[in-house]
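**Student:** Got a structure here, written out as structure tokens. Questions coming.
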Amino acid sequence: MPAEQSRARHWTERIGAALVPGLSLPLLRRMLPYARPYLGLELLLLATLLGAVGMDLLSPLLMGAIIDDAIIPGNRTLLNWLALGLFALSLSRGGVNSLQTYLSHRIGESVVNDLRRDLFVHLQRMSLHFFVNTSVGEIFSRMGDVSGARDIFTRTLVTIISNVITIIAALGVMFALEWRLTLMGLLLVPLFFLPARWAAQHSRRLTKQTHDETRVMSEITSQTLNVSGALLMKVFGRQAYEAQRFTEQSIKLSRVSVQQAVVWQLFTLGLTLLGAVGVALAYWFGGQMVIDKALTLGTVVVFTAYLWRVYGPISSLMDVPVNLASSLASLERLFETLDLPVEIVDRPDAHELVRAQGQIRFERVYFRYGSPPEGAQGADAERKWALEDVNLEIAPGQLAAFVGPSGSGKTTLTYLVPRLYDANAGAVCIDGWDVRDLKLASLNDQIGMVTQETYLFDDTIRANLLYARSHATDAELAAAIEAAYLTEVMARLPEGLDTVVGQRGYRMSGGERQRLSIARIVLKNPRILILDEATSALDTESELAVQVALERLFQDRTSLVIAHRLSTIRAADMIFVLDDGRIVEQGTHPQLLAKGGLYAQLYQKQFKDQERMLGIRPADMLAFPQPQREVLLALLRLNRATPQTLAAEMRRETGDILTVLGELEKEGLARALEDGRYELVLARARVPAGT
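If you want the working numbering, it's the position in the sequence shown, counting the first as 1, plus 2.
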């Protein structure tokens with residue numbers, strides 16, 4: 003029995019493919035689960051289709067009766083009633099057609115909504131590897147593929163069902179009226195398949211080409227017409243180049259669209275000519291029979307009307323392969339996306355991480371991006387490890403700093419903790435649990451990340467903060483803002499929390515964006531923090547404010563920091579030095595300096611110039627009132643300066659600067675040198691022992 007079903011399915015698919023080139027019945031079967039929830043609406047739609055077909059088939063009979071039974075005999079009363087009936091029939095059909103259109107679109111949009119939701123959820127579950135290797139334009143293009151399902155339900159299926167019913171019913175009436183004319187009319191039907199098959203083949207190819215060209219155009223648009231892309235384009239003066247690139251791609255897309263239009267026009271012309279030939283033959287043979295008194299004039303008119311109701315639906319059905327080819331191309335890509343494997347998933351017996359203590363351990367961890375290609379040899383087969391034999395342990399509540407040259411594996415290492423990637427070998431453990439044995443949702447609840455590039459939505463400050471915890475109260479928002487040292491910034495904003503930050507937060511300064519991302523993490527209050535410190539330079543006051551926010555953020559949680567600030571490194575309980583994917587040194591700041599290894603070299607190259615700020619507590623500096631704070635920050639930035647230099651730097655009068663410097667001298671915060679310059683006393687604080 004299964005063998006017979008398999009053979010039947012095989013022949014069904016072959017027949018379908020013969021009628022509709024490229025037709026994939028398995029693909030259509032995959033649509034059934036999405037159509038099943040709307041069975042009630044679909045049955046109602048079928049009823050409206052039957053009603054519309056019945057009314058359409060009744061119309062020619064009324065026309066024949068008007069000619070043979072009313073006009074020719076001269077029966078005015080019957081003519082009045084039949085004409086009124088024809089009008090009522092047309093009015094009723096208009097109402098049924100409107101209901102049919104509503105139902106088909108309601109079903110189609112519901113299915114599209116379900117598909118779009120499943121696609122979005124599936125893409126959300128994809129690993130970071132997918133988003134690194136897939137362009138934004140490609141993702142947008144894949145999201146647009148759901149339109150194929152809309153066309154199938156709103157146009158293709160309705161066309162097939164209504165036209166098949168119409169053809170069968172019309173042929174039945176035609177055979178009853180005059181079987182010889184009916185057979186003559188059917189002789190042309192096989193010819194309708196020729197233009198349909200030709201157009202379907204070209205349409206499927208052109209539809210795929212349209213998808214590809216549209217994807218490239220979306221990529222160009224998404225890369226250049228955003229804040230970062232527009233800034234880069236303007237700075238390098240590449241507007242003309244990008245305009246040329248966009249124009250060339252637009253021309254390619256236009257050419258494909260023109261080819262599609264030509265294919266469609268030739269296809270329509272072929273069907274129209276075949277229909278015209280059939281109707282002309284019907285009038286010619288039917289006219290001969292009327293002259294010979296074998297048929298009435300009304301019967302010929304009725305028959306010709308029904309013949310149009312056969313040729314018209316056949317022409318519409320011939321459109322189906324063309325339209326279906328386009329829809330199937332979209333559906334094929336859609337289900338290819340839905341079939342992409344999700345790499346990071348919960349194991350069946352995964353545990354809930356209720357409240358993490360924050361102990362983190364790496365046990366002989368190996369990781370590399372992607373797998374060597376199948377059949378690869380040599381260097382390709384031995385693709386370089388991004389992390390190799392990594393072993394480390396971080397106690398609960400500790401601050402661990404990761405330093406090393408660019409590309410040494412610092413970011414990759416931190417990405418393994420929240421399972422943005424899974425290790426190829428070894429284990430990453432939290433509180434003794436392998437992270438692969440923990441539920442992803444609970445893991446996400448316990449871990450917070452602040453990436454180097456702060457991402458903010460083009461929304462209000464409130465909405466950006468609530469993204470971390472949607473039900474946070476205003477009091478909790480205020481506490482997070484204070485912890486991130488944003489209170490003063492918020493006080494300057496007329497709309498406060500309801501201030502829109504702009505695309506990617508560009509209406510705020512770099513330091514404000516960093517502190518807003520810190521406030522978002524404070525609101526989430528994770529037990530484990532992963533921070534990739536921004537390398538972008540900030541003004542002195544913003545830098546100090548960020549340091550204050552970070553000091554508060556590190557309290558009472560395990561923190562893994564990719565460090566670019568000496569203040570962070572000095573505060574770390576343990577520093578791990580990475581090079582070429584391996585941990586080559588570990589220890590405290592004094593211990594690593596004493597070794598004179600890679601860390602000492604990095605310190606001399608990257609951190610030495612930050613030493614002058616080590617004796618300063620950022621919170622103390624920022625606590626000074628204006629204008630004292632402004633002068634102190636200027637001295638900190640310039641190291642030593644004359645009152646005139648400070649006045650020019652701050653755009654103030656020299657006399658005002660001298661007054662403030664006198665106040666700072668009295669408080670022991672600044673002093674005058676013999677050459678007339680002033681220096682900040684705090685900046686000369688003793689460097690802690692061991693450095």
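Cβ coordinates follow ideal geometry from the N, Cα and C atoms, glycine included.
Measuring straight from C-alpha to C-alpha, what distance separates Arg464 and Leu518?
**Tutor:** 10 Å
**Student:** Quick check: the Cα distance between Thr103 and Val123, rounded to an integer number of angstroms?
**Tutor:** Straight-line Cα distance between these residues: approximately 30 Å.
**Student:** Check Ser92 in the structure and name its three-state DSSP category.
**Tutor:** helix
**Student:** Looking at the structure shown, is Leu616 part of a helix, part of a strand, or coil, going by DSSP?
**Tutor:** Here the model assigns Leu616 a pLDDT of 47, short of 50, so the residue's position is not dependable, and the following value carries that caveat. Note: Leu616 maps to coil in three-state DSSP.
**Student:** So what does DSSP say about Met652, is it helix, strand or coil?
**Tutor:** helix
**Student:** Could you check where the beta strand (DSSP E) with Phe364 kicks off and where it finishes?
**Tutor:** 362–369
**Student:** Verify whether the separation of the beta carbon atoms of Leu197 and Leu273 is less than 8 Å.
**Tutor:** According to the sequence shown, residue 197 is Pro rather than Leu. Pro197 places its beta carbon less than 8 Å from that of Leu273.
**Student:** Between the Cα of Arg144 and those of Gly289, Asp341, Leu93, spot the shortest distance and give me the residue it belongs to.
**Tutor:** Asp341
**Student:** Go ahead and label Gln646 buried or exposed: buried means 16 or more other beta carbons lie within 10 angstroms of its beta carbon, across all protein chains shown.
**Tutor:** Burial is judged here by how many other beta carbons sit within 10 angstroms of a residue's own beta carbon; Gln646 has fewer than 16 and is exposed.
**Student:** Whose C-alpha, out of Ala388, Gly598, Leu499, is nearest the C-alpha of Ala482?
**Tutor:** Leu499
**Student:** Less than 8 Å between the CB atoms is what I'm expecting for Asp70 and Gly300, so what's the real figure, rounded?
**Tutor:** 3 Å
**Student:** If distances are taken between C-alpha atoms only, which option among Arg335, Glu44, Val258 comes closest to Gly150?
**Tutor:** Arg335
**Student:** Quick one: what's Met451 bridged to in DSSP?
**Tutor:** Ile532
**Student:** Tell me the DSSP bridge mates of Thr560?
**Tutor:** Paired residue(s): Ile530.
**Student:** Just curious, the beta strand (DSSP E) that Val405 is in, first and last residue?
**Tutor:** That run of the beta strand (DSSP E) goes 401–405.
**Student:** Can you tell me which of Thr79, Pro28, Ser129 puts its alpha carbon nearest to the alpha carbon of Leu422?
**Tutor:** Ser129
**Student:** Tell me whether the beta-carbon of Leu276 lies closer than 8 Å to the beta-carbon of Phe194.
**Tutor:** Yes, the pair counts as a contact, with Cβ atoms nearer than the cut-off.
**Student:** From Val586 to Thr413, what distance separates their C-alpha atoms?
**Tutor:** Val586 and Thr413: Cα-Cα distance of roughly 16 Å.
**Student:** Between which two residues does the beta strand (DSSP E) containing Gln588 stretch?
**Tutor:** Counting along the chain, the beta strand (DSSP E) containing Gln588 begins and ends at 584–589.
**Student:** Between Val279 and the rest of its own chain, which residues show a CB-CB distance below 8 Å, the 5 nearest in sequence each way excluded?
**Tutor:** Leu190
**Student:** If we ignore side chains and look at the alpha-carbon of each, how far apart do Leu188 and Leu227 end up?
**Tutor:** Going by C-alpha positions, Leu188 is about 57 Å away from Leu227.
**Student:** Could you spell out where the beta strand (DSSP E) holding Phe578 opens and where it closes?
**Tutor:** 576–581
**Student:** Is it a yes or a no for the region 595–608 touching the region 651–666, going by three-plus beta-carbon pairs under 8 Å?
**Tutor:** no
**Student:** Can you tell me the Cβ-Cβ gap for Ser224 and Gly360, rounded? I've got them flagged as a contact below 8 Å.
**Tutor:** About 39 Å separates the two Cβ atoms, so there is no contact after all.
**Student:** What does Thr462 pair with, by DSSP beta-bridge criteria?
**Tutor:** Val502
**Student:** Measure the Cβ-Cβ separation of Glu390 and Tyr371 and say whether it is below 8 Å.
**Tutor:** no
**Student:** What do you get for Ile170, buried or exposed, if any count of 16 or more other CB atoms within 10 angstroms of its CB means buried?
**Tutor:** exposed
**Student:** In chain order, what residues of the same chain lie with their CB nearer than 8 Å to the CB of Met176, ignoring the 5 residues before and after it?
**Tutor:** Leu183, Thr184, Gly187, Phe305, Tyr308, Leu309, Val312
**Student:** With DSSP run on the structure shown, which of helix, strand or coil describes Val392?
**Tutor:** In the structure shown, the three-state DSSP call for Val392 is strand.
**Student:** According to DSSP, Tyr680 sits in a beta bridge with which residue or residues?
**Tutor:** For Tyr680, which the question treats as bridged, DSSP gives the partners Ala643, Ala674.
**Student:** Check the C-beta distance from Ala327 over to Arg157 and give it rounded, since I have them as a contact under 8 Å.
**Tutor:** The pair is not a contact, with the Cβ atoms about 13 Å apart (cut-off 8 Å).
**Student:** With distances taken from CA atoms, which of Val683, Arg679, Glu676, Phe155 is nearest Lys668?
**Tutor:** Val683
**Student:** Between Ile68 and Gly56, what straight-line distance do the alpha-carbon atoms span, to the nearest angstrom?
**Tutor:** 19 Å
**Student:** For Gln588, I'd like the list of residues in its chain whose CB is within less than 6 Å of its CB, leaving aside the five on either flank, ordered along the chain.
**Tutor:** Phe578
**Student:** What number of angstroms, rounded off, separates the C-alpha of Val662 from the C-alpha of Asn446?
**Tutor:** 50 Å
**Student:** Hey, is the region 435–451 in contact with the region 516–532, meaning 3+ C-beta pairs nearer than 8 Å?
**Tutor:** yes
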